[in-house]
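Structure first, then comments.
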Amino acid sequence: MSVDFIKQRIISAQGQVITQDTYTILFDDSFQEVVQVKASLQAFANVQAKPKALLIADLSNDESTHKELGEIIAQYAPESVTFHGKTIVQALAQNPQAGYFPDKFSLHNWLSDRDFSDHYVLVLGGGELGMQSVIQFI
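In C-alpha coordinates, the structure reads:
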(Lines of atoms letter the chains of each structure in order from A; the text may use other names.)
(Lines give C-alpha, C1' and ligand atoms only; values in the text may rest on other atoms or scores of the structure.)
Protein backbone atom coordinates (compact mmCIF):
# COMPACT_ATOMS: atom_id res chain seq x y z
CA MET A 306 0.00 0.00 0.00
CA SER A 307 1.59 3.24 -1.09
CA VAL A 308 1.99 6.25 1.17
CA ASP A 309 0.43 8.45 -1.54
CA PHE A 310 -2.71 6.30 -1.55
CA ILE A 311 -2.88 6.45 2.24
CA LYS A 312 -2.54 10.22 2.37
CA GLN A 313 -4.98 10.85 -0.48
CA ARG A 314 -7.67 8.31 0.32
CA ILE A 315 -7.52 7.15 3.94
CA ILE A 316 -6.11 9.99 6.03
CA SER A 317 -5.85 13.73 5.47
CA ALA A 318 -2.73 15.79 4.90
CA GLN A 319 -2.51 16.18 8.71
CA GLY A 320 -2.39 12.42 9.16
CA GLN A 321 0.61 10.23 9.81
CA VAL A 322 1.74 6.86 8.53
CA ILE A 323 3.76 5.09 11.20
CA THR A 324 5.41 1.78 10.35
CA GLN A 325 6.70 -0.16 13.37
CA ASP A 326 8.22 -3.63 13.18
CA THR A 327 5.44 -5.71 11.59
CA TYR A 328 2.50 -3.31 11.74
CA THR A 329 1.42 0.01 10.28
CA ILE A 330 -0.57 2.73 12.03
CA LEU A 331 -2.57 5.18 9.93
CA PHE A 332 -3.27 8.04 12.31
CA ASP A 333 -5.46 11.11 11.82
CA ASP A 334 -7.10 13.02 14.67
CA SER A 335 -8.33 15.88 12.48
CA PHE A 336 -11.61 14.21 11.49
CA GLN A 337 -14.75 16.07 12.59
CA GLU A 338 -17.37 14.98 10.08
CA VAL A 339 -18.97 11.67 9.25
CA VAL A 340 -18.29 12.11 5.53
CA GLN A 341 -14.54 12.14 6.24
CA VAL A 342 -14.78 8.89 8.18
CA LYS A 343 -16.92 7.28 5.47
CA ALA A 344 -14.41 8.10 2.73
CA SER A 345 -11.57 6.83 4.89
CA LEU A 346 -13.34 3.58 5.77
CA GLN A 347 -14.31 2.95 2.14
CA ALA A 348 -10.68 3.28 1.08
CA PHE A 349 -9.48 1.22 4.05
CA ALA A 350 -11.95 -1.55 3.19
CA ASN A 351 -10.45 -1.77 -0.31
CA VAL A 352 -6.90 -2.21 0.97
CA GLN A 353 -5.84 -5.81 0.44
CA ALA A 354 -3.86 -6.03 3.69
CA LYS A 355 -5.15 -8.12 6.59
CA PRO A 356 -5.78 -8.09 9.46
CA LYS A 357 -7.07 -4.56 9.89
CA ALA A 358 -8.21 -2.74 13.00
CA LEU A 359 -10.08 0.53 13.54
CA LEU A 360 -9.73 2.68 16.63
CA ILE A 361 -12.05 5.67 16.50
CA ALA A 362 -12.77 8.42 19.00
CA ASP A 363 -15.47 11.04 19.42
CA LEU A 364 -15.71 13.41 16.47
CA SER A 365 -17.86 15.89 18.38
CA ASN A 366 -20.35 16.10 21.24
CA ASP A 367 -23.32 15.49 18.92
CA GLU A 368 -25.09 12.18 19.59
CA SER A 369 -26.86 12.07 16.20
CA THR A 370 -23.49 12.37 14.44
CA HIS A 371 -22.29 9.28 16.27
CA LYS A 372 -25.46 7.30 15.54
CA GLU A 373 -24.87 7.99 11.84
CA LEU A 374 -21.21 7.12 12.29
CA GLY A 375 -22.21 3.79 13.82
CA GLU A 376 -24.18 2.86 10.70
CA ILE A 377 -21.24 3.69 8.44
CA ILE A 378 -18.77 1.78 10.58
CA ALA A 379 -21.06 -1.26 10.56
CA GLN A 380 -21.09 -1.13 6.77
CA TYR A 381 -17.31 -0.87 6.30
CA ALA A 382 -15.98 -2.34 9.56
CA PRO A 383 -12.63 -4.12 9.51
CA GLU A 384 -11.95 -7.22 11.62
CA SER A 385 -11.57 -5.25 14.84
CA VAL A 386 -13.33 -2.04 15.89
CA THR A 387 -12.70 -0.10 19.09
CA PHE A 388 -14.50 3.06 20.21
CA HIS A 389 -13.16 5.68 22.61
CA GLY A 390 -14.94 8.67 24.15
CA LYS A 391 -18.19 9.64 25.79
CA THR A 392 -20.42 10.41 22.80
CA ILE A 393 -19.27 7.65 20.43
CA VAL A 394 -21.08 5.16 22.67
CA GLN A 395 -24.04 5.94 20.38
CA ALA A 396 -22.27 3.97 17.62
CA LEU A 397 -22.31 0.75 19.68
CA ALA A 398 -25.94 0.00 18.83
CA GLN A 399 -24.95 -0.86 15.25
CA ASN A 400 -21.60 -2.39 16.26
CA PRO A 401 -22.25 -4.63 19.28
CA GLN A 402 -19.00 -6.61 18.83
CA ALA A 403 -16.88 -3.46 19.03
CA GLY A 404 -14.78 -2.65 22.06
CA TYR A 405 -15.64 0.50 23.97
CA PHE A 406 -13.48 2.52 26.35
CA PRO A 407 -14.82 5.81 27.73
CA ASP A 408 -11.52 6.79 29.36
CA LYS A 409 -7.90 6.77 28.17
CA PHE A 410 -6.56 4.79 31.11
CA SER A 411 -8.63 1.70 30.30
CA LEU A 412 -8.01 2.13 26.57
CA HIS A 413 -4.25 2.35 27.08
CA ASN A 414 -4.26 -0.77 29.27
CA TRP A 415 -6.29 -2.71 26.74
CA LEU A 416 -4.07 -1.62 23.84
CA SER A 417 -0.87 -2.55 25.64
CA ASP A 418 -2.23 -6.09 26.21
CA ARG A 419 -3.09 -6.60 22.52
CA ASP A 420 -0.84 -7.96 19.81
CA PHE A 421 -1.01 -5.88 16.65
CA SER A 422 1.63 -7.87 14.75
CA ASP A 423 1.03 -7.72 11.00
CA HIS A 424 -1.96 -5.38 11.45
CA TYR A 425 -2.91 -2.22 9.67
CA VAL A 426 -4.41 -0.02 12.39
CA LEU A 427 -6.52 2.97 11.40
CA VAL A 428 -6.81 5.53 14.22
CA LEU A 429 -9.35 8.31 13.62
CA GLY A 430 -11.04 10.94 15.71
CA GLY A 431 -11.48 14.54 16.57
CA GLY A 432 -8.50 16.31 18.04
CA GLU A 433 -10.20 17.00 21.39
CA LEU A 434 -9.38 13.59 22.87
CA GLY A 435 -5.69 13.76 22.02
CA MET A 436 -5.54 10.36 20.34
CA GLN A 437 -1.82 10.78 19.68
CA SER A 438 -1.16 9.12 23.04
CA VAL A 439 -2.56 5.76 21.86
CA ILE A 440 0.28 5.27 19.39
CA GLN A 441 2.77 4.40 22.11
CA PHE A 442 0.48 1.63 23.39
CA ILE A 443 -0.07 -0.13 20.05
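Numbering-wise, the numbering used here puts 402 at position 97 of the sequence shown, and it's gapless, one number per residue.
Ideal placement from N, C-alpha and C gives every residue a C-beta, glycine not left out.
Please read all numbers here as calculations on a predicted model, not as lab measurements.
Practice item. Could you please give the first and the last residue of the uninterrupted alpha helix (DSSP H) stretch that includes V339? Key: 339-351
Review point. Would G390 be called buried (16 or more neighbouring beta carbons within 10 Å of its own) or exposed?
Key: buried
Review point. Between the region 365-376 and the region 389-405, are three or more C-beta pairs nearer than 8 Å?
Key: yes
Point to revise | Per-residue DSSP class, three states only, for A379 | key: helix
Check your understanding: So, do the region 341-352 and the region 417-429 have three or more beta carbon pairs nearer to each other than 8 Å?
Key -> yes
Point to revise | Backbone CA spacing between P383 and V352 [nearest angstrom] | key: 10 Å
Check your understanding: What residue does the alpha helix (DSSP H) around S417 start on, and which one ends it?
Key -> 409-418
**Study point:** Where D363 falls, given that 16 or more other Cβ within 10 Å makes a residue buried
**Key:** buried
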